[in-house]
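K.L.:
There are 2 protein chains.
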Amino acid sequence: MRKTVRELQKEQTKELLLQTAYEVFSKKGIMNTRVSDIAQAAGVSHGTIFVHFSSLEAMIEEVVALYGQKIAMRTHALAQSSGSLSDLLRAHLCGIMEFEPFYTHLVIENRLLPPGARDSWISIQSAVSFHFSLVYEREFGHNDRPGIPLHMLFNMWMGLVHYYLQNGDLFAPEGNVIGRYQDILIDSYLKLLKGGMTEK
Amino acid sequence: MRKTVRELQKEQTKELLLQTAYEVFSKKGIMNTRVSDIAQAAGVSHGTIFVHFSSLEAMIEEVVALYGQKIAMRTHALAQSSGSLSDLLRAHLCGIMEFEPFYTHLVIENRLLPPGARDSWISIQSAVSFHFSLVYEREFGHNDRPGIPLHMLFNMWMGLVHYYLQNGDLFAPEGNVIGRYQDILIDSYLKLLKGGMTEK
DNA sequence: TCATATAATGACTATATAGTCAGTGACCTA
DNA sequence: TAGGTCACTGACTATATAGTCATTATATGA
Numbered sequence: 001m002r003k004t005v006r007e008l009q010k011e012q013t014k015e016l017l018l019q020t021a022y023e024v025f026s027k028k029g030i031m032n033t034r035v036s037d038i039a040q041a042a043g044v045s046h047g048t049i050f051v052h053f054s055s056l057e058a059m060i061e062e063v064v065a066l067y068g069q070k071i072a073m074r075t076h077a078l079a080q081s082s083g084s085l086s087d088l089l090r091a092h093l094c095g096i097m098e099f100e101p102f103y104t105h106l107v108i109e110n111r112l113l114p115p116g117a118r119d120s121w122i123s124i125q126s127a128v129s130f131h132f133s134l135v136y137e138r139e140f141g142h143n144d145r146p147g148i149p150l151h152m153l154f155n156m157w158m159g160l161v162h163y164y165l166q167n168g169d170l171f172a173p174e175g176n177v178i179g180r181y182q183d184i185l186i187d188s189y190l191k192l193l194k195g196g197m198t199e200k
Numbered sequence: 001m002r003k004t005v006r007e008l009q010k011e012q013t014k015e016l017l018l019q020t021a022y023e024v025f026s027k028k029g030i031m032n033t034r035v036s037d038i039a040q041a042a043g044v045s046h047g048t049i050f051v052h053f054s055s056l057e058a059m060i061e062e063v064v065a066l067y068g069q070k071i072a073m074r075t076h077a078l079a080q081s082s083g084s085l086s087d088l089l090r091a092h093l094c095g096i097m098e099f100e101p102f103y104t105h106l107v108i109e110n111r112l113l114p115p116g117a118r119d120s121w122i123s124i125q126s127a128v129s130f131h132f133s134l135v136y137e138r139e140f141g142h143n144d145r146p147g148i149p150l151h152m153l154f155n156m157w158m159g160l161v162h163y164y165l166q167n168g169d170l171f172a173p174e175g176n177v178i179g180r181y182q183d184i185l186i187d188s189y190l191k192l193l194k195g196g197m198t199e200k
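Top to bottom, those sequences are chains A and B. Numbering-wise (my numbering), the first sequence opens with residue 1 and increments by one. Numbering-wise (my numbering), the second sequence opens with residue 1 and increments by one.
(1) Excluding the 5 residues preceding and the 5 following Leu93(B) in the sequence, name in chain order all residues of the same chain whose CB lies nearer than 6 angstroms to its CB.
(2) Buried or exposed, going by whether 16 or more other CB atoms sit within 10 Å of the CB of Ala77(A)?
(3) Are the C-beta of Met197(B) and some C-beta of chain A separated by less than 8 angstroms?
(4) Whose Cβ in chain A lies nearer than 9 angstroms to the Cβ of Tyr163(B)?
(5) Shortest alpha-carbon distance to Pro115(B) belongs to which of Ile96(B), Ile71(B), Phe99(B) and Glu62(B)?
(6) For chain B, is any of its Cβ atoms less than 8 angstroms away from the one on Lys3(A)?
(7) When you compare each of Glu139(B), Phe154(B) and Ala172(B) to Tyr189(B) by their alpha carbons, which one comes out closest?
(8) Under the assumption that Tyr163(B) contacts His162(A) (Cβ atoms under 8 angstroms), give the Cβ distance between them as a whole number of angstroms.
(9) To the nearest angstrom, report how far apart Asp169(A) and Thr4(B) are at their CA atoms.
(10) Looking at the C-beta of Ile184(A), does it have a partner C-beta in chain B at a distance below 8 angstroms?
(11) Can you pull the chain A residues whose beta carbon is under 7 angstroms from the beta carbon of Ser188(B), in chain order?
(12) Rounded to the nearest angstrom, what separates Gly175(B) and Pro101(B) at their Cα positions?
(13) Please list, in chain order, all residues of the same chain as Arg180(A) whose beta carbon is under 7 angstroms from its beta carbon, the five residues on each side excluded.
(14) When burial is assigned at 16 or more other CB atoms within 10 Å of the CB, is Gly47(A) buried or exposed?
(15) Compare the beta carbon distance of Leu160(A) and Ser133(A) with 8 angstroms and say whether it is the shorter of the two.
(16) Tell me the rounded alpha-carbon separation between Lys200(A) and Ser86(A).
(17) DSSP on Thr48(A), reduced to helix/strand/coil?
(18) Going by DSSP, what residue range makes up the alpha helix (DSSP H) through Gly179(B)?
(19) What residue from Ser45(B), Arg111(B), Met59(B) and Ser120(B) has the CA that sits closest to Leu18(B)'s CA?
(20) I'd like to check one pair, Leu165(B) with Val107(B): are the Cβ atoms closer than 8 angstroms?
(21) Measure the alpha-carbon distance for Ser55(B) versus Ala117(B) and round it to whole angstroms.
(22) Give a yes or no on whether the minimum CB-CB distance between Gln40(A) and chain B is below 8 angstroms.
(23) For Asn98(A), I'd like the list of residues in its chain whose CB is within less than 7 angstroms of its CB, leaving aside the five on either flank, ordered along the chain.
(24) For Asn32(B), is the classification buried or exposed, using 16 other Cβ atoms within 10 angstroms of its Cβ as the cut-off for buried?
(25) Leaving out the 5 sequence neighbours to the left and right, which residues in its chain are closer than 7 angstroms to Lys28(B) when beta-carbon positions are compared?
(26) What are the residues of the stretch 63-79 of chain B that lie near chain A, defined by any Cβ-Cβ distance shorter than 8 angstroms?
(27) Taking the alpha-carbon positions, what's the Ala127(B) to Thr20(B) distance?
(28) Determine, using beta carbons only, whether Lys191(B) comes closer than 8 angstroms to chain A.
(29) Taking DSSP as the reference, what is the three-state secondary structure of Phe171(B)?
(30) Taking the alpha-carbon of Glu11(A) as reference, which of Ala41(A), Phe53(A) and Ser82(A) has the nearest alpha-carbon?
(31) Entirely within the stretch 57-128 of chain B and at least 4 residues each: give me those alpha helix (DSSP H) ranges in chain order.
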């Protein structure tokens with residue numbers, strides 16, 4: 001059955017709301033955004049939001065799910081062409097950089113978001129973890145760092161990156177934390193990792 | 001001039017409010033706590049809070065300043081007796097562990113707190129940074145890790161620890177993240193650090 | 001063409017909660 | 001001991017804001 005104009009416009013409006021919410025969240029933070037902020041930015045009335053979402057929480061969950069998936073997909077795509085761990089880390093940071101303001105608010109607020117949003121957040125991490133393990137074992141095997149579990153190496157990388165994003169107001173008040181620090185982050189991490197380690 | 005009973009009781013009440021707020025914050029999180037939660041837990045009326053604090057924000061700032069200082073002092077004390085970096089990291093984690101629920105909420109919420117509270121949070125980090133640099137240079141000098149700035153090594157440690165605390169709901173749902181992971185955290189970090197590095 | 005369905009509207013309601021203030025009784029001091 | 005002071009009370013106010021719903025205007029399709 002063909003789509004009527006109405007159905008099409010409804011979809012467009014919802015699309016508009018999701019994207020507008022993403023932009024407002026990126027700028028103001030998620031928990032600091034009011035329904036009216038989004039309505040106003042999208043140029044629709046307050047009530048329209050609730051035509052498309054059952055509640056603000058539901059809307060947050062949907063926005064985070066949608067853009068979380070975009071982030072994961074993009075990271076996935078960039079990671080495909082990574083031969084080395086160095087490439088992968090750079091791909092990871094590139095993926096983040098494309099969504100940096102929003103991603104940063106997820107880093108800052110993820111524990112305070114509705115449950116579904118936190119789940120989406122965690123699946124982004126999982127996607128990265130998958131590629132990290134893959135590339136790491138291809139490059140080094142898994143016995144080169146006896147006593148340090150692979151997941152710990154992954155957690156160190158994530159911890160480092162998120163630490164910089166979470167404290168972005170100190171590290172790069174203009175906002176481009178990744179652009180400014182990606183080289184030193186990757187370089188330092190790899191030097192530490194490879195200290196005394198032989199490649200496969 | 002001697003203190004009157006009144007003055008004394010006023011001080012006691014304020015003390016009680018600060019400590020009660022600390023406890024409620026530790027349990028419920030800071031931004032999720034209402035004035036009435038604290039009043040009820042302390043067994044005073046709602047209005048009493050505002051006899052002692054000009055606003056909820058001011059109260060939060062004062063609580064975080066007070067307990068932030070306690071944490072810093074305690075860490076300082078524990079770090080004094082640290083001969084090696086290993087000792088220092090353990091001291092650091094011990095210091096955190098004594099305040100773990102509250103400290104965890106600072107990790108999770110610090111970017112959303114009133115400005116003064118964030119300042120207090122940052123000074124805790126500074127205190128740790130100071131000891132870290134001191135012990136590190138004593139143990140290794142500062143040329144053993146060419147190409148990795150000392151502050152980056154510090155940020156990696158902090159990033160790792162905070163990553164575990166921030167995701168404590170995944171790592172240790174019962175809450176004792178540090179107790180459960182301190183050995184592996186210290187061990188992994190030091191192994192990574194010392195890979196191929198000679199001591200001074 | 002017209003009766004119906006529905007996306008959008010925005011005024012309205014319900015609720016949560018920070019902060020105020022007049023009142024009270026215990027303490028203070030002269 | 002008497003009048004004043006002040007910590008404390010809790011009902012009250014002000015405000016912000018999520019969510020509702022009757023109404024409107026437009027598209028649908030018989």
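Where a beta carbon is used, it is the ideal one built from N, C-alpha and C, also for glycine.
P.N.:
This is what the structure holds:
(1) The residue labelled residue 93(B) in the question sits at position 93 within the second sequence. Ile178 and Gln182.
(2) What you label residue 77(A) is simply residue 77 of the first sequence in a count that begins at 1. Flag for Ala77(A) reads exposed.
(3) Locating residue 197(B) in the second sequence gives position 197, where the first residue counts as 1. In this predicted model, Met197(B) has a pLDDT of only 48, less than 50, meaning its place in the structure is not dependable enough to derive any value.
(4) Your numbering for residue 163(B) matches position 163 in the second sequence. Around Tyr163(B), the beta-carbon contacts reaching into chain A at under 9 angstroms are Asn155, Met156, Met158, Gly159, Leu160, His162 and Tyr163.
(5) The count along the second sequence starts at 1 and reaches residue 115(B) at position 115. Taking each of Ile96(B), Ile71(B), Phe99(B) and Glu62(B) in turn and checking the Cα distance to Pro115(B), the smallest one comes out for Glu62(B).
(6) Sequence index remark: in the first sequence, residue 3(A) carries index 3 (1-based). Under the Cβ criterion of 8 angstroms, Lys3(A) is not counted among the residues facing chain B.
(7) What you label residue 189(B) is simply residue 189 of the second sequence in a count that begins at 1. Out of Glu139(B), Phe154(B) and Ala172(B), the CA that lies nearest to the CA of Tyr189(B) is found in Phe154(B).
(8) To locate residue 163(B), count along the second sequence from 1; it is residue 163. To locate residue 162(A), count along the first sequence from 1; it is residue 162. At roughly 6 angstroms, the Cβ-Cβ gap stays under 8 angstroms, so Tyr163(B) and His162(A) are in contact.
(9) Residue mapping note: residue 169(A) aligns to position 169 of the first sequence, counting from 1. Residue mapping note: residue 4(B) aligns to position 4 of the second sequence, counting from 1. Going by the C-alpha atoms only, they are around 46 angstroms apart.
(10) Along the first sequence, read from residue 1 onward, the residue named residue 184(A) stands at position 184. True, the Cβ-Cβ gap to chain B drops below 8 angstroms.
(11) Residue 188(B) sits at position 188 when you count from the first residue of the second sequence. Those within 7 angstroms of Ser188(B) in chain A are Ile148 and Met152.
(12) On the second sequence, residue 175(B) is found 175 positions in, with the first residue counted as 1. On the second sequence, residue 101(B) is found 101 positions in, with the first residue counted as 1. Separation of Gly175(B) and Pro101(B) (C-alpha to C-alpha, rounded to the nearest whole angstrom) is 8 angstroms.
(13) In the first sequence, the residue the question calls residue 180(A) occupies position 180. The answer, listed in chain order, is Ala172.
(14) Residue numbering aside, residue 47(A) sits at position 47 when the first sequence is read from its first letter. Looking at its Cβ environment, which holds fewer than 16 other Cβ atoms inside 10 Å, Gly47(A) is exposed.
(15) As a first step, residue 160(A) must be located in the first sequence, where it is residue number 160. As a first step, residue 133(A) must be located in the first sequence, where it is residue number 133. In this structure, Ser133(A) does not lie closer than 8 angstroms to Leu160(A) by Cβ.
(16) On the first sequence, residue 200(A) is found 200 positions in, with the first residue counted as 1. On the first sequence, residue 86(A) is found 86 positions in, with the first residue counted as 1. Because the pLDDT of Lys200(A) is 36, which lies under 50, any placement of that residue in the model is unreliable, and the number read from its coordinates should be weighed accordingly. One Cα belongs to Lys200(A), the other to Ser86(A), and the distance between them is close to 15 angstroms.
(17) If you number the first sequence from 1, residue 48(A) lands on position 48. Thr48(A) falls in the helix class under three-state DSSP.
(18) Against the second sequence, residue 179(B) aligns to sequence position 179. For Gly179(B), the enclosing alpha helix (DSSP H) begins and ends at Val177 to Lys194.
(19) As a position in the second sequence, residue 18(B) is number 18, starting the count at 1. Just measuring C-alpha positions, the residue of Ser45(B), Arg111(B), Met59(B) and Ser120(B) sitting nearest Leu18(B) is Met59(B).
(20) Counted from its first residue, the second sequence places residue 107(B) at position 107. Counted from its first residue, the second sequence places residue 165(B) at position 165. With contacts defined by Cβ atoms closer than 8 angstroms, Val107(B) and Leu165(B) form a contacting pair.
(21) Counted from its first residue, the second sequence places residue 55(B) at position 55. Counted from its first residue, the second sequence places residue 117(B) at position 117. The straight-line gap from Cα to Cα measures roughly 14 angstroms.
(22) Your numbering for residue 40(A) matches position 40 in the first sequence. Output row for Gln40(A): interface = no.
(23) The sequence position of residue 98(A) within the first sequence is 98, counting from 1. According to the sequence shown, residue 98(A) is Glu rather than Asn. The residues Arg74, in chain order, have a CB closer than 7 angstroms to that of Glu98(A) in the same chain once the five nearest residues on each side in sequence are set aside.
(24) Translated into the one-based positions of the second sequence, residue 32(B) becomes position 32. Exposed, by the Cβ-count rule.
(25) As a first step, residue 28(B) must be located in the second sequence, where it is residue number 28. Excluding the 5 residues flanking it on each side, Lys28(B) has same chain C-beta neighbours closer than 7 angstroms at Asp37, in chain order.
(26) Shown here is that no member of the stretch 63-79 of chain B has a Cβ falling below 8 angstroms from a Cβ of chain A.
(27) Position 127 of the second sequence, counted from the first residue, corresponds to residue 127(B). Position 20 of the second sequence, counted from the first residue, corresponds to residue 20(B). Going by the C-alpha atoms only, they are around 26 angstroms apart.
(28) Against the second sequence, residue 191(B) aligns to sequence position 191. Using a Cβ-Cβ cut-off of 8 angstroms, Lys191(B) counts as an interface residue toward chain A, since at least one Cβ of chain A sits closer than that to its own.
(29) Along the second sequence, read from residue 1 onward, the residue named residue 171(B) stands at position 171. Residue state, collapsed to three classes: helix.
(30) Within the first sequence, the letter at position 11 stands for residue 11(A). It is Phe53(A) whose Cα lies nearest to the Cα of Glu11(A).
(31) Positions of the alpha helix (DSSP H) runs, each at least 4 residues long and wholly inside the stretch 57-128 of chain B, are given as 85-98 and 100-109 in order along the chain.
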